[in-house]
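When you line the sequence shown up against UniProt numbering, it's residues 1 to 258, in that order. Glycine included, every Cβ here is placed at the ideal spot set by N, Cα and C. Before any comments, here is the structure.
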Amino acid sequence: LLAVAVGLWIARSITRPIRALTETAEERQRLLSSVVEQSSAGIAIADREGNLLFLNKVFAALHGYTPEELKGEHLSIFHTADQMPAVEAANRELQETGEFSGEIDHVRRDGSVFTGHVRNSIIRGEAANQTLMVSTLRDVSERKRWEARLAEKQAQLDAFFNSAQAGMVVFDEELRIQQINHAAAAFTGMTADEFLGKRISDMLPEQLASQIEASLRRVLETGQPDEYGEVSGRIPNQPGVTHHWTHSHFPIRAQDGR
1 LLAVAVGLWI ARSITRPIRA LTETAEERQR LLSSVVEQSS AGIAIADREG
51 NLLFLNKVFA ALHGYTPEEL KGEHLSIFHT ADQMPAVEAA NRELQETGEF
101 SGEIDHVRRD GSVFTGHVRN SIIRGEAANQ TLMVSTLRDV SERKRWEARL
151 AEKQAQLDAF FNSAQAGMVV FDEELRIQQI NHAAAAFTGM TADEFLGKRI
201 SDMLPEQLAS QIEASLRRVL ETGQPDEYGE VSGRIPNQPG VTHHWTHSHF
251 PIRAQDGR
């Protein structure tokens, strides 16, 4: 009876820690699955050949599918033939370095195209020498459209700025020249590039520069325009001639109101 009792006690003492470890592992698995499914990013896992082993709902939905429809499919299902060279280049970088991050175009089930920012990495699988590819995906199409619209507007502004007959200059808070059009630079006999990053006092005679900078400082201090002021002076390419100009300076506010 004593031997039986000891044997039962040993079996129970071993079984309980194993059961506890199993339950802990299962709980971690549930937590990980919950995190993956609730992620705002698409997450997918593929084998080394590109066959899909797992996808969360977001990754599948971005392409117009359910996860069940995609398991076992090749990742090329997400790309047109024209897109595949970029995909293959990304996969080569992934295999060589262990990671890839960048923008790749994808195709949805309905044939529409979107730009996705992908971040891929290599992980080790459970089997010996097994490597898996993990990918996170976010649709950045709207951001790309917004950037394109901003670039178009900027190009229009630059065209207006550079073709204006009146001299136009943009200064920063330190009165350094950030942008100057050809008309403003031309009356000094210098090029626009020569002015960039410099102050008026670096480029023009002190008597003329001090008048312009005084107006600029008033604008910075008050936040109000200084319009239709008059300045006079001589410029480097015509030192014997006194010129007279009218000027208007305006504040340009950043998004934070400064």
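Spatially closest choice to residue i from the options, by CA coordinates
i, options, result
"S175", "E213, A159, Y228, A183", "A small fix is needed here, since residue 175 is Leu in this sequence, not Ser. Taking only the C-alpha atoms, the option nearest L175 is E213."
"T131", "H117, L196, G42, E99", "E99"
"F195", "F54, L208, N181, E69", "N181"
"G42", "F78, I177, E227", "F78"
"S248", "R217, V241, G233", "R217"
"T97", "T191, I122, G229", "I122"
"N51", "E142, A90, V134", "V134"
"F40", "Q179, A90, E49, K57", "Here the sequence assigns Ser to residue 40, which means Phe is not the residue at that position. Cα-wise, what sits closest to S40 is K57."
"A183", "A159, P205, K71", "A159"
"G111", "L220, Q83, T136", "Q83"
"E227", "G72, I104, F250", "F250"
"T136", "A46, S76, I177", "A46"
"M190", "Q238, S76, K71, L70", "Q238"
Residues that DSSP places opposite residue i in a beta bridge
i, result
"Q179", "V170"
"V107", "V113"
"M133", "A46, I122"
"G229", "H247"
"S101", "R119"
"F54", "I45"
"H74", "N51"
"R253", "Looking at the DSSP assignment, R253 forms no beta bridge with any residue, so it has no partner."
"D139", "G116"
"R218", "According to DSSP, which records beta bridges pairwise, R218 is partnered with nothing at all."
"Q238", "I235"
"R145", "According to DSSP, which records beta bridges pairwise, R145 is partnered with nothing at all."
Inter-residue Cα distance where the pair is residue i and residue j
i, j, result
"H243", "G197", "25 Å"
"N120", "S215", "54 Å"
"Q154", "I252", "15 Å"
"T188", "P236", "6 Å"
"L208", "T246", "13 Å"
"A186", "E206", "19 Å"
"Q224", "V170", "16 Å"
"R124", "E49", "14 Å"
"V113", "D193", "41 Å"
"N200", "A254", "Note on identity: in this sequence residue 200 is Ile, with Asn being the wrong assignment. In a straight line, the C-alpha of I200 is about 22 Å away from that of A254."
"T66", "F59", "9 Å"
"L94", "E68", "26 Å"
"S101", "R92", "12 Å"
"G229", "T222", "16 Å"
"R234", "D202", "14 Å"
Whether residue i touches residue j by CB criterion (8 Å)
i, j, result
"H117", "R138", "yes"
"R109", "H74", "no"
"F54", "A44", "yes"
"A87", "T115", "A small correction: the amino acid at residue 87 is Val; Ala does not occupy that position in the sequence shown. Not a contact, by the Cβ cut-off of 8 Å."
"L220", "E173", "yes"
"Q211", "V231", "yes"
"F161", "Q178", "no"
"I104", "A90", "yes"
Minimum Cβ-Cβ distance from residue i to chain B less than 8 Å
i, result
"F187", "Looking for chain B here will not work: only one protein chain is present."
So, do the region 139 to 150 and the region 158 to 165 have three or more beta carbon pairs nearer to each other than 8 Å? Not touching, per the Cβ criterion.
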